[in-house]
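Trainee: Okay, handing you the structure first.
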Amino acid sequence: MGCWTLAPAELENPAFRPNPALVLSGLKSDNWAMLSARAQMQARSLAYAAVALLSMSLPGPGQTLQITDQVVTYPALTNTTVILAGRAELRITGTGDPLPGCVVHLDSPDAWLLLSGVAPSQVASSLLGRVRVNGAPAVRDGNLRVVQHAQGTLVIPHGPDFTPLEVFDGRYFTGPCKRLACYTAYDSARLSAMAAAIGSFKLKRGYLATLAQQDNGSGTSRCYVAQDGDLEVGRLPAALENNVRFVRVFPWRWVSKKGIAGDIEANLNIEWLYNWNISRNSPLDWEYVPIRQNRWWPSLDQDWKARGATHLLGYNEPDRPDQANMSVSDAIATWPTLLATGLRVGAPAVSDGGLSWLYDFIAQADAAGLRVDFVPVHYYRCYGNPDDPTGTANQFYNFLKGVYDVVKRPLWVTEWNNGA
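Heads up: the sequence shown runs through residues 6 to 425, numbered per our numbering.
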């Protein structure tokens, strides 16, 4: 008796076809003919049942999809009016144009659209015409933000006047309060009655906020990031409670690990770039990372809104005479000038032979109460056996773990090469 094989069958949801119809693909016509009448009927019944289940979760053409206080994910939608209200998020995973014929209404500050497979520049140029914010046409930097989210995009219905931080003069969100906007460096004068009176705060998702003791951002300080949800701090650390005289808020970006050092980003699909300077602004698709290259340069008197930065790198290889060439004591003495920006600040990035300099700096910064949010790492070592990739990876891992075990902070590998 001969044998035959049926190729895997795939069901297509009619909601995504111009002329809705049931399609059972993968069964070749000659194989289909070999099925008995009963088997054909069973296959058709199974196919229709599967499509019915799909149709329950995927809106068809011309339909309305209401999403309230929940997160919903689809690969794509076609000819659908989507209304997001309350704390809601629509996540679309498809690439290219995953929303043909759709209109997406963002009817709440907490109603967000995530397009994980479409770059921000493409969203801004091609898809914003399908978005409405409280009924009004979407305007980038007018009534919404278009923000990188790894290789994709978040569309956030926040305009430039949105105030993401609310501070309270009592613990656990009690007493008089004040809302604070982005980019403004709030000192005692701008904080007014809230100066040296903040006991708690609420920070909206998608922003970072730095709070410090002194008007210039120095003294004890903390940088808080609300990346995955709203951040509510009901009681400040003892050193900051009723002792905050500086606050600065910045919009956050969801940057992933892939980046480059140098102005050589073309065709690399990077997420971040730095160039040993403060000379560029962040485009939509990646974040520019400024650096204080040495003690005196470049200037930190910058338009940080135009730069579009969230992080500031410390001095470049201060342990080397041909780079920043600084003593630890000089770096500690000048560190408050970096903290005054309110950005998330990274330690001086030593050469991979300068770890003792780094460890001394971290110890002195901790003793002085100076904020160091993360530690950049340079790694140019090679492994003895080029035919042993596992050994190479283990050597790199052990190097990083050794650094982390001392500094106890997130590490950011900003430069590396194999034996350069």
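Cβ atoms here follow ideal geometry from the backbone N, Cα and C, with glycine treated the same way.
Return the Cβ separation of Ala90 and Ala129 in integer angstroms, given the expectation that the two are a contact with Cβ distance under 8 Å.
Mentor: That pair is no contact at about 24 Å.
Trainee: If we require 4 or more residues per run, which alpha helix (DSSP H) segments fall completely within the stretch 190 to 223?
Mentor: With a minimum length of 4 residues, the continuous alpha helix (DSSP H) runs that stay inside the stretch 190 to 223 are 193 to 196.
Trainee: Looking only at its chain, what residues have a beta carbon closer than 7 Å to the beta carbon of Trp281, apart from the 5 residues adjacent to it on each side?
Mentor: Same-chain partners within the cutoff: Ile296, Gln298, Asn321.
Trainee: One question on the structure: do Leu185 and Val254 come within less than 7 Å of each other, judged by their Cβ atoms?
Mentor: Yes, the pair counts as a contact, with Cβ atoms nearer than the cut-off.
Trainee: Spatial neighbours of Trp362 within its chain, please: CB distance less than 7 Å, with the 5 preceding and 5 following residues excluded, ordered by chain position.
Mentor: Within the same chain, Trp362 has close Cβ partners Pro323, Asp324, Val333, Val355.
Trainee: Once you ignore the five residues that flank Tyr388 on each side, which residues in its own chain have a CB closer than 7 Å to its CB?
Mentor: Within the same chain, Tyr388 has close Cβ partners Gly396, Thr397, Gln400.
Trainee: Please look up how many angstroms separate the CB atoms of Ala372 and Pro353, rounded, as I've assumed it's under 8 Å.
Mentor: Not quite, the Cβ-Cβ distance comes to about 16 Å (not below 8 Å), so this is no contact.
Trainee: In its own chain, which residues sit with a C-beta less than 6 Å from the C-beta of Tyr188, not counting the 5 before and 5 after it?
Mentor: Once the five neighbours on either side are set aside, the close Cβ partners of Tyr188 are Lys310.
Trainee: Thinking C-beta only, is Leu95 closer than 7 Å to Leu118?
Mentor: Contact: yes.
Trainee: Exposed or buried, Gln153, counting other C-beta atoms within 10 Å across all chains shown (16 or more means buried)?
Mentor: Per the 10 Å Cβ criterion, buried.
Trainee: Using 8 Å as the cut-off, can you tell me whether the stretch 169 to 181 makes contact with the stretch 264 to 281, which would need three or more C-beta pairs spanning the two stretches below that distance?
Mentor: Touching, no.
Trainee: Look up Gly134 in the DSSP assignment and say whether it is helix, strand or coil.
Mentor: Gly134 falls in the helix class under three-state DSSP.
Trainee: Kindly confirm or deny that the stretch 208 to 223 and the stretch 338 to 350 touch, where touching means at least three C-beta pairs closer than 8 Å.
Mentor: Result yes; three or more Cβ-Cβ pairs closer than 8 Å.
Trainee: Pick helix, strand or coil for Asn321, following the three-state DSSP scheme.
Mentor: Looking at Asn321 - three-state DSSP - the assignment turns out to be strand.
Trainee: Report all residues from its chain with a CB closer than 7 Å to the CB of Val138; omit the five preceding and five following residues, and keep chain order.
Mentor: Leu111, Asn148, Leu149, Pro162, listed in sequence order.
Trainee: Rounded to a whole number of angstroms, what is the C-alpha to C-alpha distance between Ala198 and Trp301?
Mentor: Near 36 Å, if we compare the C-alpha coordinates of Trp301 and Ala198.
Trainee: Taking Val377 as the reference, which of Leu348, His383, Asp357 has the closest Cα?
Mentor: That would be Leu348, whose Cα lies nearest to the Cα of Val377.
Trainee: Taking the alpha helix (DSSP H) that Ala314 belongs to, which residues open and close that run?
Mentor: Unbroken run through Ala314: none, as it is neither H nor E.
Trainee: Return the chain-ordered list of same chain residues with a C-beta closer than 6 Å to the C-beta of Leu375, the five sequence neighbours on each side being excluded.
Mentor: The residues are Trp340.
Trainee: What is the DSSP secondary structure of Glu15, counted as helix, strand or coil?
Mentor: In this predicted model, Glu15 has a pLDDT of only 34, less than 50, meaning its place in the structure is not dependable; the value taken from the coordinates is given anyway. DSSP places Glu15 in strand when its eight states are reduced to three.
Trainee: By Cβ distance below 6 Å, which residues in the same chain neighbour Gly106 in space, the five residues on each side in sequence not counted?
Mentor: Excluding residues within five positions, the ones whose Cβ falls inside 6 Å are Thr83, Asn84.
Trainee: Looking at Leu208: is its Cβ nearer than 7 Å to the Cβ of Leu241?
Mentor: Going by C-beta atoms, Leu208 is not nearer than 7 Å to Leu241.
Trainee: Going by beta carbon distance, what residues of the same chain come within less than 8 Å of Leu58, once the five residues before and after it are set aside?
Mentor: Low per-residue confidence applies at Leu58: pLDDT is 42, beneath 50, and the placement is therefore not dependable enough to give any value.
Trainee: Starting from the C-beta of Trp259, find all residues in its chain whose C-beta is less than 8 Å away, skip the five residues before and the five after it, and write them out in chain order.
Mentor: Val152, Gln153, His154, Ala155, Leu159, Gln232, listed in sequence order.
Trainee: Grouping DSSP H, G and I as helix and E and B as strand, with all else coil, what is Trp302?
Mentor: Here Trp302 sits in coil by DSSP.
Trainee: Please confirm whether Asp290 and Pro125 have their CB atoms less than 7 Å apart.
Mentor: Against a cut-off of 7 Å, the Cβ pair of Pro125 and Asp290 comes out as a contact.
Trainee: For Asp410, does the three-state DSSP call read helix, strand or coil?
Mentor: Reduced to three states, the DSSP call for Asp410 is helix.
Trainee: At what residues does the alpha helix (DSSP H) containing Gln369 begin and finish?
Mentor: 360 to 373 is the span of the alpha helix (DSSP H), which, as asked, contains Gln369.
Trainee: Can you give the Cα-Cα distance for Ala38 and Ser113, rounded to whole angstroms?
Mentor: Legend: pLDDT at Ala38 = 46, less than 50; position of this residue unreliable, value from coordinates given subsequently. In a straight line, the C-alpha of Ala38 is about 55 Å away from that of Ser113.
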